[in-house]
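Per the working numbering, numbering through the sequence shown is continuous, rising by one, with the last residue being 894.
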Amino acid sequence: MVEEYIFPQSIEEALEILERYNGEARIIAGGTDLVLQLRRGEVKARVLVDITRIPELKGIKEEDGFIWVGATTTHQEVAESPLIQAKAGLLAKACRSVGSLQIRNVGTIGGNLVNAMPAADSAIALAALDAEVEVAGKEGIRWIPITQFHEDVGKCCVNPCLELVKGVRFRPLGENEGSSFQRLARRQALILPILNVGVVVGWEEGKFSRAAIAIGPVAPVPFRARKAEEYLKGSPVSPESIEEASRLAQEEAQPRSSLLRGSAEYRKDMVRVLVRRALMEAAKLA
Ligand SMILES: Cc1cc2nc3c(=O)[nH]c(=O)nc-3n(C[C@H](O)[C@H](O)[C@H](O)COP(=O)(O)OP(=O)(O)OC[C@H]3O[C@@H](n4cnc5c(N)ncnc54)[C@H](O)[C@@H]3O)c2cc1C
């Protein structure tokens with residue numbers, strides 16, 4: 609049973625409350641995942657610490673060569689941001705695809721990351737952007753590469769009863785770079801997709817100079833198709849290279865069967881289709 613609901617005004621205050629309640633208090637942002645988990649008894653908390661009124665956790669800015677997005681920025685705010693649309697198009701598209709408008713208006717980037725689902729839409733886009741997660745704890749700030757942030761389905765390296773995600777940062781896309789986000793889902797379903805793919809590519813003198821391919825859910829955590837990425841770097845920007853990279857990504861991906869969201873075989877076939885589409889679109893934009 610939740611007995612207390614507290615609105616701290618600063619990060620320091622939030623951390624002090626978490627420390628004081630010694631594991632019985634937990635961070636809440638939009639509550640779109642947590643409230644359901646509390647109701648189902650999957651998560652227990654005596655005190656909820658609502659971080660949505662802390663000004664330092666909100667907003668989107670470009671600074672020192674990075675784009676920074678505050679943890680309590682909502683999916684709708686990210687999707688509508690002209691900066692994100694111009695310099696990290698796949699993240700805008702990923703956030704626009706989350707749930708429904710009501711969910712996007714309250715669900716946050718920080719919550720999406722800490723909830724740690726392998727096909728969480730913004731997490732897949734951030735994985736392709738090689739983002740870093742900013743974590744605030746009693747010992748100060750630490751930055752964690754997104755590829756080391758997730759540990760298993762529903763598990764990440766941040767404990768929301770002790771510390772909090774402050775924000776996330778990544779390099780904006782530059783000249784000759786492009787991105788794409790592709791998503792396969794049931795029509796009108798307001799939930800995680802059957803499959804999603806986020807891609808960032810760059811090219812120089814007719815060859816791929818940068819390639820990042822993130823796919824969900826084909827592993828317990830947001831998955832980077834490293835073999836396909838390695839193959840692409842230095843390969844000519846051509847439909848043949850893209851086809852081969854899509855085949856390699858399909859080979860690497862290990863999806864599971866889901867009664868609600870398709871068989872492993874279907875998902876594996878669709879990995880190739882979605883990666884091909886994403887690479888084609890990103891290459892054209894680059
Ligand atoms: C109908 C419906 C449809 C949905 N559709 C999608 C979809 O299409 N795609 C998708 O990816 N997700 C979807 N979701 C899941 C959910 O909306 C997102 O994961 C959302 O981003 C969670 O953010 P939140 O702010 O609501 O998190 P909360 O529910 O508040 O928190 C989630 C978890 O993160 C912790 N937490 C939150 N913020 C922080 C922080 N800053 N620091 C540390 N810990 C923190 C909480 O303690 C909790 O464990 C859907 C959910 C619903 C109910």
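Don't be surprised by glycine CBs; every beta carbon is placed ideally from N, CA and C.
* Asked: Does the distance from the CB of P828 to the CB of D729 come in under 9 angstroms?
  -> no
* Three CB pairs or more closer than 8 angstroms across the region 754 to 767 and the region 833 to 853 -> no
* First and last residue of the alpha helix (DSSP H) that includes S854? -> P847 to E860
* Asked: From S788 to T660, what distance separates their C-alpha atoms?
  -> 30 angstroms
* Asked: Where do the ends of the alpha helix (DSSP H) carrying Q684 lie?
  -> H683 to E688
* Asked: How would you write the range of the beta strand (DSSP E) that L642 sits in, first residue to last?
  -> Looking at the DSSP string, L642 is not in any beta strand (DSSP E); the run it does join, the alpha helix (DSSP H), is L642 to R647.
* Beta-ladder partner(s) of P801, from DSSP -> Answer is none; P801 lacks a bridge partner.
* To do: Taking only heavy atoms of ligand 1 into account, decide whether any of them is closer than 8 angstroms to the Cβ of D760.
  => no
* Is it buried or exposed for D672, if we count other Cβ within 10 angstroms and need 16 for buried? -> exposed
* Going by DSSP, what residues sit across from P753 in a beta bridge? -> E740
* Asked: Can you list, in chain order, the stretches of the beta strand (DSSP E) that have 3 or more residues and sit fully within the region 659 to 739?
  -> 668 to 671 and 674 to 678
* Mind checking which residues open and close the beta strand (DSSP E) that includes V776? => L772 to F778
* Check whether the region 769 to 776 touches the region 800 to 818, counting contact only when three or more Cβ pairs, one atom from each stretch, lie closer than 8 angstroms. => no
* **D641: CB within 8 angstroms of a non-hydrogen atom of ligand 1** => yes
* Asked: Are the beta-carbon atoms belonging to A733 and K701 less than 9 angstroms from one another?
  -> yes
* **Inter-residue Cα distance where the pair is W676 and K695** => 12 angstroms
* Distance, Cα to Cα, V651 vs V741? -> 23 angstroms
* Asked: On the premise that V808 lies in contact with L840, defined as a C-beta separation below 8 angstroms, what is that separation, rounded to the nearest angstrom?
  -> Not confirmed; about 11 angstroms, so no contact.
* Any idea what DSSP makes of L867, helix, strand or coil? -> coil
* **Identity of the residues DSSP links to P844 by a beta bridge** => K815
* To do: Just list the alpha helix (DSSP H) runs in the region 618 to 642, keeping only unbroken ones of 4 residues or longer that don't cross its boundaries, in chain order.
  => 619 to 629
* **Nonlocal neighbours in the same chain, by C-beta distance under 6 angstroms from A886, ignoring five residues either side** => S788, Q790, V805 and V807
* Asked: For D729, is the beta carbon positioned less than 8 angstroms from some heavy atom of ligand 2?
  -> As presented, the structure is devoid of ligand 2, carrying ligand 1 as its sole ligands.
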